[in-house]
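**Q** Those letters in the sequence shown? Residues 37 to 747, per my numbering, in order.
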Amino acid sequence: MLSDELKQQIQLAYRTFLDKKGLTPRYGQRLMIAEIARGIAGVVQDNDGKRTGDQHVVVIEAGTGTGKTLAYLLGVMPVAKAMGKKVVLATATVALQDQVVNKDIPEVLRNSGFSFSYALAKGRGRYLCLSKLDRLMTPGQEAGTNLALWEDFQQYAVDKHEAELYRAMDQAVESRAWDGDRDSWSDSVDDLTWRRVTNDHRGCTGRSCGFYEDCPFYLARNDIYRADLIVANHDLVLADLAMGGGVVLPAPEDTVYVFDEGHHLPDKALNHFSCSSQVRSTLSWLQDLIKMLDSLVDSSDAQGMAAGVVASVRDINAAMAEGLTLLLSTLTPLADATDQVESEQGKLVYRFEHGVVPEALRDQSAQLLAPSRELVKQLQLVVDWLQEGMEGKRSDITRPDAEAWMPLMSTQLARAEALMTVWMRYEAADDELRAPVARWLNFTQSPQGLDVELSACPVLASDVLSRYLWSRAFAAVVTSATLTALGKFERFQFRSGVPPTSHFKAVPSPFNYQECGRIVVPDLACDPTNGTRHTDQLVSYIERIWQQQLGTLVLFSSRRQMDEVFELLGTEVQDAVLTQGRLGKAEMVRQHKQRVDAGSHSVLFGLASFAEGVDLPGAYCSCVVIARLPFSVPEDPVDATLAEWIQKRGGNPFMQIAVPDAAIRLKQAVGRLLRTESDQGSIVIFDRRIVDKRYGKLLLQSLPPFPLVRQ
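See below:
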């Protein structure tokens, strides 16, 4: 229960912030603060401070203009501090993370009178490894270890420019001019160049490392341990939970999580628990693995142990190579199957209905699973041996050699584990009482011929999030502008698995939609299922309205249609259009704003990524054109398998999945228009289904209450 003392503390901080900033209270913001504070304070604890109840999750939808960041900071931080809990604030995008760390939190601390400490958490791979940098900077340090191997693979060769970069990094760290954070380095660093001087949890020796006291990652982690609030991203939180929790971030049982941009959380979780493997690529990797292990034997005194592993791996690889070659011959004919679909990425996709693979493929997967498990076991022996070598516990390999080999071999172990997971997913039969796993094949051309990629992914994240997050967290807040679909939280509950006992609330927007804008459905618009006619009419409409305002945003569901529309436009209009894919997103926005600031007309053509996370206030965007209702691509294997499962259970996948998903995407697109309370403009939905179809009217009702205009 929220005590009077905490209520007064929160109210005082809110009043102080508004007074110092010269702002007036917003009803939705006040309501959000109160809902969050009451929800967290109401969590039941035992004498040891552990949660005992299941009403510990608060789900709040709050649109643009609410002031979500201030609301959850003031709603969570005083309560969490009073309860002795850490707060982990996770965003889905780097842009919001930067805004929260560099702008929002400092602003709250300066103006609220309430104090707390905070730190930014990043994965180990974002930090410089001093041990690896030292080896690169020390002449001859790599000799006799994996240098010869690295020279066999040209991607590992260090060129003159990179050598100069590493020297500059070494000097910057030594002089304390740089903290070893990749994101704070003065210039961009490409992934391969960075990979040589960073590490992961497998390759790091922790306290055994001679550079531990000055390690950028551990220095940053010390700040995390001391902080009241830790800012991270969804991926880092999920990775920490997958490793057991409490590895990089505080233990879930002692943490209040805040997930901003929370509508992304289910999809992020699915990505973490999906798996895939290419057959030809795996065959090549197995050959390279033998070369690596041979080189390891040659560079160490561990002839007995390492040679034994190499012999075992040779036998394993022979069995796997035979099985993979047979698998390739079994799967290749499916590329010519009648139900194949070509995606926009140029891949041929074959999906197994209901996620059920043929018995023959299950048997082949089972036969590949056994040697894969043995391969993981043997590589684990190598990694354990190298770990002991790095800790100075072995006489058969030097510490520098062990440190040099560990990153490479830990990567091989991780790949072997990922491969094993694929065979486990293809060998196993799904529980008929639970949502299935989607399984599909991607066919791509490689230099060696047609390659087959086996992929698997759960169709719902509800089970994994329930097991790893909701059941373990002390408390959690999920917020976003788009958590409800068709006015209900059911879609988010279904996909995320949040407990049904959670607190759900949609707070009102501060915008006066009746006065600030309108939704226009042009008479020219047709049903987009007639693709050619729809594209031609969209071209005509854009040519008619592009000069009626300075800034226009046109959102497409298909890259193909976006490119076709651009090519059909007149030259004058084309000169005003900035198209996604021809420029980077940030550069497009920069040029667009520059044009509008100069008084010129500018039109942005964008896909799904422009429908959220793009802030174009005022004249930068006073017209949003939505080319068609944003239904998901029908050939997506995960969505298709989920639809089959719902239909099998007597449901209607179109109304239960397709329409709610489209409602979320449409609301995100519509949200590009009003970014501040002074913004005005029009939203054009160039799709007659929004007024002609029954589901179209449901979609309209789920949008902010703009006046509807037929034009």
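Where a beta carbon is used, it is the ideal one built from N, C-alpha and C, also for glycine. The structure presented is a predicted model; accordingly, all values stated were derived computationally and were not measured.
Pull up the CB-CB distance for L285 and V124, whole angstroms please, since I reckon it's below 8 Å.
**A** Within the sequence shown, the letter at position 249 stands for residue 285. Within the sequence shown, the letter at position 88 stands for residue 124. Their Cβ separation, rounded to whole angstroms, is 6 Å, which keeps L285 and V124 in contact under 8 Å.
**Q** DSSP beta-bridge partners for A512?
**A** Residue mapping note: residue 512 aligns to position 476 of the sequence shown, counting from 1. Partner(s): V93, Y293.
**Q** If you run the structure through DSSP and keep just helix, strand and coil, what is I266?
**A** Your numbering for residue 266 matches position 230 in the sequence shown. Of the three classes helix, strand and coil, the one that applies to I266 here is strand, per DSSP.
**Q** So, is G533 buried or exposed, given that buried needs 16 or more other C-beta atoms within 10 angstroms?
**A** Against the sequence shown, residue 533 aligns to sequence position 497. With 16 or more other Cβ atoms within 10 Å, it is buried.
**Q** Is it right to say L185 is buried, meaning 16 or more other beta carbons lie within 10 angstroms of its own, or is it exposed?
**A** The residue given as residue 185 occupies position 149 in the sequence shown. Any reading at L185 is ruled out, since the residue's pLDDT is 46, under 50, leaving its predicted position unreliable.
**Q** Flag this pair as yes or no: are the beta carbons of N353 and L322 separated by less than 8 Å?
**A** What you label residue 353 is simply residue 317 of the sequence shown in a count that begins at 1. What you label residue 322 is simply residue 286 of the sequence shown in a count that begins at 1. Yes, the Cβ-Cβ distance between N353 and L322 is below 8 Å.
**Q** Does DSSP classify N478 as helix, strand or coil?
**A** As a working note, residue 478 is residue 442 in the sequence shown. DSSP places N478 in strand when its eight states are reduced to three.
**Q** Can you give me the C-alpha to C-alpha distance between V695 and L735, rounded to a whole angstrom?
**A** In the sequence shown, counting from the first residue as 1, residue 695 sits at position 659. In the sequence shown, counting from the first residue as 1, residue 735 sits at position 699. Those two C-alpha atoms are separated by around 8 Å.
**Q** I need the DSSP call for C552, collapsed to helix, strand or coil.
**A** In the sequence shown, counting from the first residue as 1, residue 552 sits at position 516. Residue state, collapsed to three classes: helix.
**Q** Rounded to whole angstroms, what is the Cα-Cα separation between E187 and A438?
**A** By 1-based counting over the sequence shown, the position of residue 187 is 151. By 1-based counting over the sequence shown, the position of residue 438 is 402. Because E187 carries a pLDDT of 38, less than 50, the predicted location of this residue cannot be relied on, and no value is offered for it.
**Q** Shortest alpha-carbon distance to I76 belongs to which of G567, V514, R631, A612?
**A** By 1-based counting over the sequence shown, the position of residue 76 is 40. Of G567, V514, R631, A612, the residue nearest in Cα terms is V514.
**Q** Here's the rule I'm using: 16 or more other beta-carbon atoms within 10 Å means buried, otherwise exposed. How should L588 be labelled?
**A** In the sequence shown, the residue the question calls residue 588 occupies position 552. In the sequence on display, residue 588 carries Thr and not Leu. Its Cβ being crowded by 16 or more others within 10 Å, T588 is buried.
**Q** Considering only their Cβ atoms, is the gap separating E97 from T520 smaller than 8 Å?
**A** If you number the sequence shown from 1, residue 520 lands on position 484. If you number the sequence shown from 1, residue 97 lands on position 61. Taking 8 Å as the Cβ cut-off, T520 and E97 qualify as a contacting pair.
**Q** If you drop the 5 nearest sequence neighbours on each side, which residues of the same chain put their C-beta closer than 7 Å to that of P472?
**A** Translated into positions along the sequence shown, residue 472 becomes position 436. Closer than 7 Å at Cβ, skipping near neighbours: H390, G391, D466, V495, T677, W681.
**Q** One question on the structure: do V137 and V267 come within less than 8 Å of each other, judged by their Cβ atoms?
**A** Within the sequence shown, residue 137 is the residue found at index 101, counting from 1. Within the sequence shown, residue 267 is the residue found at index 231, counting from 1. In this structure, V267 lies closer than 8 Å to V137 by Cβ.
**Q** Exposed or buried, what is H299 when buried is set at 16 or more other beta-carbons lying within 10 Å of its beta-carbon?
**A** Your numbering for residue 299 matches position 263 in the sequence shown. Classification of H299: buried, given that the 10 Å Cβ count is 16 or more.
**Q** Is the separation between the beta-carbon of L560 and that of Q448 shorter than 8 Å?
**A** Taking the sequence shown and counting its residues from 1, one reaches residue 560 at position 524. Taking the sequence shown and counting its residues from 1, one reaches residue 448 at position 412. Not a contact, by the Cβ cut-off of 8 Å.
**Q** Rounded to a whole number of angstroms, what is the C-alpha to C-alpha distance between Y154 and G78?
**A** Here residue 154 is taken as the residue at index 118 of the sequence shown, counted from 1. Here residue 78 is taken as the residue at index 42 of the sequence shown, counted from 1. Roughly 24 Å separates the two Cα atoms.
**Q** For G58, which of H197, Q45, N147, Q81 has the nearest alpha-carbon?
**A** The count along the sequence shown starts at 1 and reaches residue 58 at position 22. Residue N147 is the option with its Cα nearest to G58.
**Q** Terminal residues of the continuous alpha helix (DSSP H) containing E395?
**A** Taking the sequence shown and counting its residues from 1, one reaches residue 395 at position 359. That run of the alpha helix (DSSP H) goes 395-426.
**Q** For H197, does the count of other Cβ atoms within 10 angstroms reach 16, so buried, or fall short, so exposed?
**A** To locate residue 197, count along the sequence shown from 1; it is residue 161. With fewer than 16 other Cβ atoms within 10 Å, it is exposed.
**Q** In three-state terms, what does DSSP make of E178?
**A** Position 142 of the sequence shown holds residue 178. Residue placement at E178 is flagged as unreliable, the pLDDT there being 48, under the threshold of 50; a coordinate-derived value is accordingly withheld.
**Q** If you follow the beta strand (DSSP E) that S313 is part of, which residue opens it and which one closes it?
**A** Residue 313 sits at position 277 when you count from the first residue of the sequence shown. Looking at the DSSP string, the run of the beta strand (DSSP E) that includes S313 is 311-314.
**Q** Taking the alpha carbon of D432 as the point to measure from, which residue in R218, D334, V613, R257 has its own alpha carbon closest?
**A** Taking the first residue of the sequence shown as position 1, residue 432 is located at position 396. Of the listed residues, the one whose Cα sits closest to D432 is D334.
**Q** At the level of alpha carbons, what is the spacing between V315 and A492?
**A** By 1-based counting over the sequence shown, the position of residue 315 is 279. By 1-based counting over the sequence shown, the position of residue 492 is 456. Taking C-alpha positions only, V315 is separated from A492 by approximately 14 Å.
**Q** Which of helix, strand or coil does DSSP assign to D217?
**A** Counting from one through the sequence shown, the residue named residue 217 turns up at place 181. Residue state, collapsed to three classes: strand.
**Q** Could you spell out where the alpha helix (DSSP H) holding I726 opens and where it closes?
**A** Residue numbering aside, residue 726 sits at position 690 when the sequence shown is read from its first letter. Per DSSP, I726 is one residue of the alpha helix (DSSP H) stretching across 725-728.
**Q** Cα separation between L364 and A371?
**A** Stepping through the sequence shown from its first residue, residue 364 is reached at position 328. Stepping through the sequence shown from its first residue, residue 371 is reached at position 335. Cα to Cα, the separation comes out at about 11 Å.
**Q** With distance defined between alpha-carbon atoms, name the residue in S507, Y577, K43, K429 nearest to G281.
**A** The sequence position of residue 281 within the sequence shown is 245, counting from 1. Per the Cα distances, S507.
**Q** What residue range does the beta strand (DSSP E) around T127 cover?
**A** The sequence position of residue 127 within the sequence shown is 91, counting from 1. Taken as a continuous stretch (DSSP letters only), the beta strand (DSSP E) holding T127 covers 122-127.
**Q** Spell out the partners DSSP gives L619 in its beta bridges.
**A** To locate residue 619, count along the sequence shown from 1; it is residue 583. For L619, which the question treats as bridged, DSSP gives the partners Q616.
**Q** Can you find the residues in the same chain that come closer than 8 Å, C-beta to C-beta, to M113, ignoring five residues on each side of it along the sequence?
**A** The residue you call residue 113 lines up with position 77 of the sequence shown. Same-chain partners within the cutoff: V123, F150, F152, D264, L265.
**Q** Return the CA-CA distance between L744 and I721, expressed in angstroms with no decimal places.
**A** Your numbering for residue 744 matches position 708 in the sequence shown. Your numbering for residue 721 matches position 685 in the sequence shown. Cα-Cα distance, rounded: 10 Å.
**Q** Is the number of C-beta pairs between the region 647-661 and the region 699-713 that are closer than 8 Å three or more?
**A** Taking 8 Å as the limit for Cβ pairs, the verdict is that the region 699-713 does touch the region 647-661.
**Q** Is it true that the CB of F510 sits closer than 8 Å to the CB of D290?
**A** Indexing the sequence shown from 1 puts residue 290 at position 254. Indexing the sequence shown from 1 puts residue 510 at position 474. Taking 8 Å as the Cβ cut-off, D290 and F510 qualify as a contacting pair.
**Q** Sorted by chain position, which residues of the same chain lie with C-beta nearer than 6 Å to R430's C-beta, five sequence neighbours on each side aside?
**A** For the purposes of this step, residue 430 is identified with residue 394 of the sequence shown, where counting begins at 1. These residues qualify, in order along the chain: E424.
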